[in-house]
Amino acid sequence: MVRLDKSLPKKIAVFRALQLGDLLCAVPAFRALRMALPNSKITLIGLPWAKSFVDRFPNYFDDFLEFPGYPGLPDIVPQVKKIPAFFKTAQERRFDLAIQMHGSGIFANPITVMLGANINAGFFLYREYCPDIDRFMPYPASEHEIWRYLRLIEFLGIPLQGDHLEFPLFQEDERDFSSLDKITHLQAHEYICIHPGARLPSRRWLIERFARVADALATSGLKIVLTGSADEIQLNETVGANMKAPFINLAGQTNLGTLAILLKKARLLICNDTGVSHIAAALRVPSIVIVAGSDPSRWAPLDYQRHRIVYHHIDCRPCFFSTCPVEYPCANGVSAETVISQAKKLLQQNLHVKKEGVLNAPVTDINLACTR
Numbered sequence: 010m011v012r013l014d015k016s017l018p019k020k021i022a023v024f025r026a027l028q029l030g031d032l033l034c035a036v037p038a039f040r041a042l043r044m045a046l047p048n049s050k051i052t053l054i055g056l057p058w059a060k061s062f063v064d065r066f067p068n069y070f071d072d073f074l075e076f077p078g079y080p081g082l083p084d085i086v087p088q089v090k091k092i093p094a095f096f097k098t099a100q101e102r103r104f105d106l107a108i109q110m111h112g113s114g115i116f117a118n119p120i121t122v123m124l125g126a127n128i129n130a131g132f133f134l135y136r137e138y139c140p141d142i143d144r145f146m147p148y149p150a151s152e153h154e155i156w157r158y159l160r161l162i163e164f165l166g167i168p169l170q171g172d173h174l175e176f177p178l179f180q181e182d183e184r185d186f187s188s189l190d191k192i193t194h195l196q197a198h199e200y201i202c203i204h205p206g207a208r209l210p211s212r213r214w215l216i217e218r219f220a221r222v223a224d225a226l227a228t229s230g231l232k233i234v235l236t237g238s239a240d241e242i243q244l245n246e247t248v249g250a251n252m253k254a255p256f257i258n259l260a261g262q263t264n265l266g267t268l269a270i271l272l273k274k275a276r277l278l279i280c281n282d283t284g285v286s287h288i289a290a291a292l293r294v295p296s297i298v299i300v301a302g303s304d305p306s307r308w309a310p311l312d313y314q315r316h317r318i319v320y321h322h323i324d325c326r327p328c329f330f331s332t333c334p335v336e337y338p339c340a341n342g343v344s345a346e347t348v349i350s351q352a353k354k355l356l357q358q359n360l361h362v363k364k365e366g367v368l369n370a371p372v373t374d375i376n377l378a379c380t381r
């Protein structure tokens, strides 16, 4: 830890106010931080939902501080009235170290400094604000999301502990899963999970193509389970209305823990590039990830044997729009036949019963099925 003080930080704040997939991709960095500083109190500063993330990762985090947003910070509507109290609380905690793991630092670095820690660390962009040139490294824009934050950990002199993801499961998750009404007739590895939703419309594949894929794979005798949040119940019903095969719609009926148990028992997951794909990667559940507007080189699972990434090459990727202004050519360019073909190949490998595999695959070897 050559870039930190000789006296190890006892109280650490990690600022990463983002969504589930973003936090899961940072788990290898969190793991390395905890292994290097087992006796430090580590607090995650994140969005309100992330309290459940901290509860799920008690080995890596000791506390949670809810971030109310801040004017100018993308993708977060600030709760302006709560901002002064947030900074007051953070400063009263007297952090020894605050690590900016939110992004490039254009917006996040001033926020990190205002936490009032003795030392700050993180990323910065050339010609943008750099709080401490000795502890802030240039933002590695071309790196995979997982390795981006591992580079920061390396920069700080902290030994790495692998790049594999994790998703801890608890006894209550299994208990809650067993109480779900619609899973009575589901047997492990005899069903496929299909997750057609994503937070942004620009990240979603076409409903009717999800339905065609589901019908094609159902002919093998596998049952079809549609997953999603409560906001995606109708989306899933629309997928089901376009299907000929029977299906189970579990949208809105699972929490993170029960969803993870459901995925763990599945033969295969087919989804958009969204948080559920990273849960599958963490649990080593074979998956087909359909990439629309996001960047596959940044977000694809690293275990290229177990996961197939399907996308259509297009020059406007990565997309920064919530709703596409040019009729979603990235999603339209991925055919149902391509996804079906990749899914059948993955099913034939029976990876759901093989626990060995590549945990530290080089990014250049990610299995990408690209159409042009």
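Residue numbers (the working numbering): 10 to 381. Beta carbons are placed, not taken as given, at the ideal position from N, Cα and C, and that holds for glycine. Just so we're clear, the structure is a prediction, and the values are computed from it rather than from any experiment.
- Ranked by Cα distance from residue 94, the first of 84, 79 and 83 is 79.
- Beta-bridge pairing by DSSP links residue 277 to 201.
- Residue pairing by DSSP leaves residue 127 without any beta bridge partner.
- The residue among 332, 35, 293 and 144 with its C-alpha nearest the C-alpha of residue 63 is 35.
- Just measuring C-alpha positions, the residue of 329, 106, 305 and 213 sitting nearest residue 127 is 106.
- When DSSP assignments are scanned along the region 77–109, the uninterrupted stretches of beta strand (DSSP E) that are 3 or more residues long and fall wholly within it turn out to be 106–109.
- For residue 266, the closest C-alpha among the options 196, 167 and 186 is that of 186.
- In the same chain as residue 158, and ignoring 5 residues on each side of it, the C-beta atoms closer than 8 Å to its own belong to 34, 35, 37, 38 and 110, in chain order.
- Residue 222 sits in a helix when the DSSP states are folded into three classes.
- Beta-bridge annotation (DSSP): residue 50 is paired with 20.
- Taking C-beta atoms under 8 Å as the contact rule, residue 17 and residue 49 qualify, at a distance of about 7 Å.
- Shown here for residue 254: same chain residues with a beta carbon closer than 7 Å to its own, the five before and five after excluded, namely 223, 224, 227 and 233 in chain order.
- Straight-line measurement puts the Cα of residue 334 at about 27 Å from the Cα of residue 203.
- Counting the other Cβ atoms within 10 Å of the Cβ of residue 309 gives 16 or more, which makes it buried.
- By the criterion of at least three beta-carbon pairs nearer than 8 Å, the region 203–216 is not in contact with the region 176–191.
- Across the set 65, 86, 327 and 300, the C-alpha of 65 shows the shortest separation from the C-alpha of residue 180.
- Assigned with DSSP and collapsed to three states, residue 177 falls in coil, not helix or strand.
- Contact between the region 312–331 and the region 242–256 is absent: fewer than three C-beta pairs spanning the two stretches fall below 8 Å.
- Bridge pairing for residue 70: absent [DSSP].
- Buried is the label assigned to residue 258, since at least 16 other Cβ atoms lie within 10 Å of its Cβ.
- Following the DSSP letters along the chain, one finds residue 191 in no beta strand (DSSP E), marked with neither H nor E.
- Comparing C-alpha distances from residue 163 to each of 176, 83, 147 and 213 shows the shortest one belongs to 147.
- For the pair residue 231 and residue 353, the Cα-to-Cα distance works out to about 12 Å.
- Collapsing the DSSP output to three states places residue 55 in a strand.
- Per the C-alpha coordinates, the member of 156, 166 and 102 positioned closest to residue 19 is 102.
- Sequence-distant Cβ neighbours of residue 137 in its own chain, meaning closer than 7 Å and more than five residues away, are 114 and 115.
- Taking all protein chains shown into account, residue 153 has 16 or more neighbouring C-beta atoms within 10 Å of its C-beta and is therefore buried.
- Nearest Cα to residue 295 within the set 89, 90 and 357: 357.
- Residue 195 sits in coil when the DSSP states are folded into three classes, being neither helix nor strand.
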